[in-house]
Amino acid sequence: MNHGAVDSGTYVLLSNVYASSGKWKEAAQIREKMKEGGILKEPGCSSIEVNNEIHEFLLGDLRHPQKGKIYKKLEELNQMLKEAGHTPATDVVLHDIEDWEKEQALAIHSERLAICYGLISTKPCTKIRVVKNLRVCDDCHSMIKLVAKITGRKIVVRDCKRFHHFENGNCSCGDYW
1 MNHGAVDSGT YVLLSNVYAS SGKWKEAAQI REKMKEGGIL KEPGCSSIEV
51 NNEIHEFLLG DLRHPQKGKI YKKLEELNQM LKEAGHTPAT DVVLHDIEDW
101 EKEQALAIHS ERLAICYGLI STKPCTKIRV VKNLRVCDDC HSMIKLVAKI
151 TGRKIVVRDC KRFHHFENGN CSCGDYW
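Going by full-length UniProt numbering, the letters in the sequence shown line up with residues 1 to 177, in that order.
Laid out in C-alpha cells, this is it:
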C-alpha cells in the first residue's frame, strides 16, 4: 500500500476486507501502518437539534451534560429491543473480540446516543432528526426501525448516503442503502 496516501478510507476499506474474511493479522497490520503514518479513521459523529441548539455525539460519548439520563434511556431501549426480539448484528463489528464486546460496541454508536437524547429532550410524538457523517451500520438501521415502532416516533436520520425516514418499524430506503 502506498504510504503517501492520506485518505484514511482506503486503509479502512482494506482493513475491513481483511477483517470480514477473518484475516485478523493482516487487518491489524493495516491498522498499525495507519498508526505509524499518523492516519486517523474519521470518527462517527451524529448531531441532533433540540430547542435551537445542536448537540453532537461521538461513539461512546461521555461529554454531554445529560450523559446519565442519555445512557439510562439507552439501557431502557436496549432492554425493550431485546424483548421485541432484536438480536444485535455483531458481524458488522470488524474486530477480533468476543460477541458480548461487539454488542457493547454497537450499543454506543453515536446515532443511538443522539436518538436517546432526542427521546428524553422532546415531547412525545415529536419527530427526531439526526445527521450522521458516516453511513449508518446495518445493526443501527434495524435498531432504529424498532425504536420508531416501539416509541411511536418518526425518526429521520441523514447519513452520508441518504435520508432514512423511520416510521412504524419501516424505513423509506426499503432496507437498501
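Where is the CB? At the ideal position from N, CA and C, for every residue including glycine.
Mapping the DSSP letters down to three states, classify residue i as helix, strand or coil.
{"i": "residue 202", "result": "Nothing can be reported for residue 202, as the shown portion of the chain is limited to 1 through 177."}
{"i": "residue 145", "result": "helix"}
{"i": "residue 5", "result": "Unreliable positioning characterises residue 5 in this predicted model, as indicated by a pLDDT of 48, which lies under 50. The coordinate reading is nonetheless provided below. Reduced to three states, the DSSP call for residue 5 is coil."}
{"i": "residue 167", "result": "strand"}
{"i": "residue 155", "result": "strand"}
{"i": "residue 106", "result": "helix"}
{"i": "residue 39", "result": "coil"}
What first and last residue would you give for the beta strand (DSSP E) that runs through residue i?
{"i": "residue 48", "result": "45-50"}
{"i": "residue 120", "result": "Note, residue 120: premise wrong, no beta strand (DSSP E); alpha helix (DSSP H) at 110-121."}
{"i": "residue 36", "result": "Taken as a continuous stretch (DSSP letters only), residue 36 belongs to no beta strand (DSSP E), being part of the alpha helix (DSSP H) at 24-36."}
{"i": "residue 53", "result": "53-58"}
{"i": "residue 128", "result": "128-132"}
Quick check: the Cα distance between residue i and residue j, rounded to an integer number of angstroms?
{"i": "residue 20", "j": "residue 14", "result": "10 Å"}
{"i": "residue 132", "j": "residue 25", "result": "30 Å"}
{"i": "residue 44", "j": "residue 27", "result": "20 Å"}
{"i": "residue 17", "j": "residue 85", "result": "30 Å"}
{"i": "residue 110", "j": "residue 23", "result": "27 Å"}
{"i": "residue 161", "j": "residue 68", "result": "31 Å"}
{"i": "residue 79", "j": "residue 104", "result": "13 Å"}
{"i": "residue 134", "j": "residue 70", "result": "21 Å"}
{"i": "residue 29", "j": "residue 136", "result": "26 Å"}
Kindly list the residues whose CB is nearer than 6 Å to the CB of residue i, restricted to its own chain and excluding five residues on each side of it in sequence; keep chain order.
{"i": "residue 54", "result": "47"}
{"i": "residue 126", "result": "none"}
For residue i, I'd like the list of residues in its chain whose CB is within less than 7 Å of its CB, leaving aside the five on either flank, ordered along the chain.
{"i": "residue 5", "result": "In this prediction, residue 5 scores a pLDDT of 48, lower than 50, which makes its location untrustworthy; no coordinate-derived value is stated."}
Would residue i pass as a contact of residue j if the rule is Cβ separation under 9 Å?
{"i": "residue 166", "j": "residue 147", "result": "yes"}
{"i": "residue 118", "j": "residue 155", "result": "yes"}
{"i": "residue 153", "j": "residue 128", "result": "yes"}
Tell me which residue opens and which closes the alpha helix (DSSP H) that residue i is part of.
{"i": "residue 12", "result": "8-20"}
{"i": "residue 68", "result": "67-83"}
Apart from the five residues just before and just after residue i, which ones in its own chain have a Cβ nearer than 8 Å to its Cβ?
{"i": "residue 171", "result": "141, 144, 145, 164 and 165"}
{"i": "residue 74", "result": "107, 108, 112, 113 and 116"}
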